[in-house]
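Residue numbers (my numbering): 1302 to 1473.
For each residue, glycine too, the CB sits at the ideal point set by N, CA and C.
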Amino acid sequence: MAVDKNPINAKISSGASPKVCKILIVYHSQSGNTRRMAESVAKGAAAIMNVGVTLKRAPEATLKDLLECDGLAIGSPEYFGYMAGLVKDFFDRTYNEARERKETFKKPYAVFVSAGNDGTGALSHIERIAMGYQFKKIYEPVIARGVIDNAILEKCEELGGTLAAGCEAGIY
Ligand SMILES: Cc1cc2nc3c(=O)[nH]c(=O)nc-3n(C[C@H](O)[C@H](O)[C@H](O)COP(=O)(O)O)c2cc1C
1302 MAVDKNPINA
1312 KISSGASPKV
1322 CKILIVYHSQ
1332 SGNTRRMAES
1342 VAKGAAAIMN
1352 VGVTLKRAPE
1362 ATLKDLLECD
1372 GLAIGSPEYF
1382 GYMAGLVKDF
1392 FDRTYNEARE
1402 RKETFKKPYA
1412 VFVSAGNDGT
1422 GALSHIERIA
1432 MGYQFKKIYE
1442 PVIARGVIDN
1452 AILEKCEELG
1462 GTLAAGCEAG
1472 IY
């Protein structure tokens, strides 16, 4: 098996991480735009010392992932003015058992959305659901409209870095 020698990529996994501070990134992507954003969020988070990053497509993300992470980022494309169905499914599968638990109360979170020309519908519905979990929003959402360019990817990296650095420092 090929070993990734890039120390940042080596810290991003799709499974459990042994690092002190755990950042979970849950996303859905059909044509790759949100995936690219998610990977940049992961890159930004993984650049912070003592942080382990778990990058998961929404259908693979579990309640355990959610309860065990110290902070999370949710990424979705906007479909029909709403979040992707599989991101909604992640919320549907975890909400009952996660809400009102100390592990999710005020858990730091941030959102990123990829849209053709809008994105506000997906964002507002994710934020509304996040209130139900009592997550704590710690960063302004990144909304990409149209082509994913380097400026957007840099913003995503910054989002991931800020989330991870704050969680690691315990400031949220
Ligand atoms: C079924 C479908 C519905 C969409 N609905 C919207 C929409 O309501 N608003 C919008 O701005 N873009 C809409 N788009 C465009 C996507 O949000 C956009 O292409 C996005 O970058 C796709 O992300 P992905 O590559 O991660 O799947 C839609 C795309 C599809 C396939």
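Once DSSP output is grouped into helix, strand and coil, what is the label at Arg1446? strand
Within its chain, find whatever has a CB closer than 8 Å to the CB of Met1302; leave out the 5 residues flanking it on each side and keep chain order. Residue placement at Met1302 cannot be trusted, given a pLDDT of 42 that sits under 50; what the coordinates show is reported in the next sentence. Hits under 8 Å: none found.
Quick one: any contact between the region 1380-1400 and the region 1336-1356, if contact means 3 or more CB pairs under 8 Å? no
Is DSSP giving Ala1374 helix, strand or coil here? strand
Taking C-alpha atoms, which residue in Cys1322, Leu1368, Pro1442 lies nearest to Glu1404? Leu1368
Exposure of Asn1334, with buried meaning 16 or more beta-carbon neighbours within 10 Å: buried
Outcome for Lys1389 when other beta-carbon atoms lying within 10 angstroms are tallied against a minimum of 16: buried
Between Lys1437 and the rest of its own chain, which residues show a CB-CB distance below 8 Å, the 5 nearest in sequence each way excluded? Lys1407, Lys1408, Pro1409, Tyr1410, Tyr1473
In chain order, what residues of the same chain have a beta carbon less than 7 Å from the beta carbon of Thr1463, not counting five sequence neighbours either side? Tyr1440
With three or more beta-carbon pairs closer than 8 Å as the criterion, would you say the region 1445-1454 touches the region 1361-1377? no
Along the alpha helix (DSSP H) that carries Ile1439, what are the first and last residues, could you check? Premise fails: Ile1439 is in no alpha helix (DSSP H) and is neither H nor E.
Distance CB(Phe1413)-CB(Val1443) smaller than 8 Å: yes
Under DSSP, the beta strand (DSSP E) around Ser1415 begins and ends at which residues? 1409-1416
Put Thr1363 into one of helix, strand or coil per three-state DSSP. coil
Any idea if Met1384 is buried or exposed, counting beta-carbon neighbours within 10 angstroms, 16 or more meaning buried? buried
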